[in-house]
Amino acid sequence: MNLKNNTGLLNKLEEYGKSDIYPFHMPGHKRAKIEFPNPFQIDITEIEGFDNLHHPQGILKDAMEQASKIYGSDKSWFLVNGSSVGILSAVCGLTRRGGKIIMSRNCHKAVYHGVFLNELEAEYIYPQYIPEFGIQGGVLPEDVEKSLKKHPDTQIVLIVSPTFEGIVSDIKRISQIVHSYGIPLIVDEAHGAHFPFACQGEFPKSALDSGADVVIQSLHKTLPSFTQTAIIHWKKGYSDEKKIERYLQIYQSSSPSYLFMGGIDWCIGKMAEDKGKRLHLLAERLQSFRSQAEKFQHIRIPGRELSGKNGVYDVDLSKLVLSVKGTNIDGEKLSDLLRNQYHLEMEMCNTDYTLAMTSAFDREEGFERLFKALKELDEEISREDRLIPEVQKAVSYPQKACMNIYQAWNSQTDRIRIEDAEGKISGEFVYIYPPGIPVIVPGERLDRKIIEIIKEYKAKNLPVQGLKDKTVEYIETVMGE
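Written out as structure tokens, the structure reads:
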């Protein structure tokens, strides 16, 4: 049946798919020519013989058990609502309402939403900062230990590793510290779904193999899987999997997509069958690319030389952080030039860099085009000290919490100009998306530094979100505070 496409979105998607724009962004299948059934032919509901994700007894149960065996977990669940649903289920399932969580400040907004839903008291561990590149470092194990000593009533610890930029923390040591308090460590490993399938040493070790109790991975970010597909893993010892499962049934769709679940099953099977060959080829291409890029005078790409300082335990080399810190252009300008002049689409940009995401399904053509573009641009730009706030540094800047997120988000608020909000308690989030890490959280007091950073975000046309006011002129603050 031929039905003419009259929708603007689908037309635009088709045009993009047929264009010569190369995707240095997720999803990890990179629009490769993959043999896969017509989606309309396999889009079904829970009919006889196809099981039920919320009460798996047949084919879905077998598929998830096979995934668990491949990953080395004690139990794994398919996620069709992205990593966010796994994070929400882990946070809400493993804490008591009104309890306490220790979390890294650079967590994705889904963690903050879990804190809100369970009315938790959040204690933050601030990641280190790498000033020469303007990116976050890792979380120091000793900072985790200090926080646990100060807050022994904590119920869970949750950190992000790797970060959006590929920075990996010392999960093994952190898990040992957390376990000494008899509580579980949850790791948001959304950007590390490829780690378990790599040959030893080519990519970092997975958090699941490093002692973490619950690990959430976004398959779509770095593997050949559909956007919105993810997986959550659990290991015995410090938490009850039934509590996670209960919340998965609450937060996951009651009509899970069989297209997505079939894609998850195919993706995991394909990567296991491949035995690391594609990732080995990616590692070789990255080594060659990075080696050639060392000749650039202005654009710098940090790698494993970062390990051993600033909380960095390891680095995922598949994340190409194209740093222009200290030059006459910013990350957004670099991203625009790559898109408009060279038809290369990046994943995200920040004041100091733009990020190119690679995967096992990237093609040699993409690396060649990116290198050629960067080489030409490197010759055009120059060194310049720009007095701009460092966006990632804001994440490492401690804020003063006056009430918890639940209290602040449910308070009556005043709408005032951001410029005039100094000393007020924020009634909403402010974050750049991607990556979705808040610089201010409901319940925290706004100071002049944060206000200036928010204003600079807007001036640089970065994607400021979280505010009700889409013009980023006003912010909701707690009334009477």
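Numbering of the sequence shown is given in the working numbering, commencing with residue -5 and proceeding in unit increments.
We put the CB at the ideal spot given by N, CA and C, even for glycine.
| message | Measuring alpha carbon to alpha carbon, tell me which residue in Gln335, Tyr336, Arg284, Ser301 is nearest Leu316. | response | Checked all of Gln335, Tyr336, Arg284, Ser301; the closest Cα to Leu316 is Arg284.
| said: Considering only their Cβ atoms, is the gap separating Ala402 from His188 smaller than 8 Å? | reply: With respect to Ala402, His188 sits apart: the two C-beta atoms are not nearer than 8 Å.
| request: Grab me the residues of Ile445's own chain with a C-beta within less than 8 Å of its C-beta, minus the 5 sequence neighbours each way, in chain order. | output: Ile412, Glu413, Ala415, Glu416
| What residue does the beta strand (DSSP E) around Asp182 start on, and which one ends it? | 179 to 182
| query | Does the beta-carbon distance from Glu183 to Ala277 come in below 8 Å? | reply | Ala277 is positioned such that its CB atom lies no closer than 8 Å to that of Glu183.
| Is DSSP giving Asp408 helix, strand or coil here? | Looking at Asp408 - three-state DSSP - the assignment turns out to be strand.
| said: Check for me: the alpha helix (DSSP H) holding Pro33 runs from which residue to which? | reply: 33 to 36
| request: Have a look at Leu202, Glu239, Glu117 and flag the residue whose alpha-carbon is nearest the alpha-carbon of Leu82. | output: Glu239
| query | Nearest to Tyr307 by alpha carbon, out of Tyr16, His19, Val154, Asp164? | reply | Closest option to Tyr307, Cα to Cα, is Asp164.
| task | Quick one: residues in its chain with C-beta nearer than 7 Å to the C-beta of Arg377, no 5 flanking neighbours on either side, listed in chain order? | result | His292, Gly320, Thr321
| Whose C-beta lies closer than 7 Å to the C-beta of Gly76 among residues of the same chain, with five residues either side of it excluded? | Ser212, Gln222, Ala224
| request: Could you spell out the range, first to last residue, of the beta strand (DSSP E) harbouring Ala224? | output: 224 to 228
| field | Inter-residue Cα distance where the pair is Leu217 and Ser312 | value | 12 Å
| Going straight from the alpha carbon of Glu373 to that of Asn100, what length do you get? | 34 Å
| message | Taking only three categories from DSSP, how would you classify Ser70? | response | strand
| query | Using the rule of at least 16 other Cβ atoms within 10 Å of the residue's Cβ for burial, across every protein chain shown, is Arg439 buried or exposed? | reply | buried
| said: Just verifying my parser: in three-state terms, what is the DSSP assignment at Ile419? | reply: strand
| Since Ala84 contacts Met97 with CB under 8 Å, what's their CB separation in whole angstroms? | Rounded, the Cβ-Cβ distance is 12 Å, inconsistent with contact.
| request: Look at the Cβ atom of Ser204, then the Cβ atom of Leu88, and state whether they are nearer than 8 Å. | output: no
| query | According to the neighbour-count rule (16 or more other Cβ atoms, all chains shown, within 10 Å of its Cβ), is Glu341 buried or exposed? | reply | buried
| query | Is it true that the CB of Ser420 sits closer than 8 Å to the CB of Met473? | reply | Inclusion of Met473 and Ser420 in the CB contact set at 8 Å is not warranted, their separation being larger than that value.
| said: My output table needs one value for Gln291: the three-state DSSP class, helix, strand or coil. | reply: coil
| Whether Tyr241 touches Cys86 by CB criterion (8 Å) | yes
| Going by other Cβ atoms of all chains shown within 10 Å of its Cβ, with 16 needed for buried, is Ile244 buried or exposed? | exposed
| query | Between which two residues does the beta strand (DSSP E) carrying Thr471 extend? | reply | 468 to 472
| message | By the DSSP assignment, the alpha helix (DSSP H) with Leu331 in it spans what residues? | response | Run containing Leu331: 325 to 336, per the alpha helix (DSSP H) assignment.
| query | Which residues does DSSP pair with Thr321 in a beta bridge? | reply | According to DSSP, which records beta bridges pairwise, Thr321 is partnered with Arg377.
| query | Can you tell me the Cα-Cα spacing of Glu8 and Asp356, whole angstroms? | reply | 20 Å
| query | Roughly how many whole angstroms lie between the Cα atoms of Gln393 and Asp147? | reply | Distance between the alpha carbons of Gln393 and Asp147: 22 Å.
| said: Nearest by alpha-carbon distance to Gly263: which of Asp37, Ala57, Glu29 is it? | reply: Considering only alpha carbons, the answer is Ala57.
| task | Apply the 10 Å Cβ neighbour rule to Arg294 and answer buried if 16 or more other Cβ atoms are within range, or exposed otherwise. | result | buried
| query | So what does Asp558 bridge to, in DSSP terms? | reply | This structure cannot speak to residue 558, because the chain is shown only from -5 to 475.
| query | Can you list, in chain order, the residues of its chain whose CB lies under 6 Å from that of Leu300, leaving out five sequence neighbours each side? | reply | Val306, Val309
| query | What is the C-beta distance between Met351 and Leu54, in whole angstroms, given that I count them as a contact (C-beta under 8 Å)? | reply | Not a contact, Cβ separation roughly 30 Å.
| Are the Cβ atoms of Phe72 and Ile258 separated by less than 8 Å? | yes
| request: With a cut-off of 8 Å on the beta carbons, I'd call Gly93 and Gln149 a contact; round off their distance for me. | output: Contact between Gly93 and Gln149 holds, since their C-beta atoms are separated by about 5 Å, short of 8 Å.
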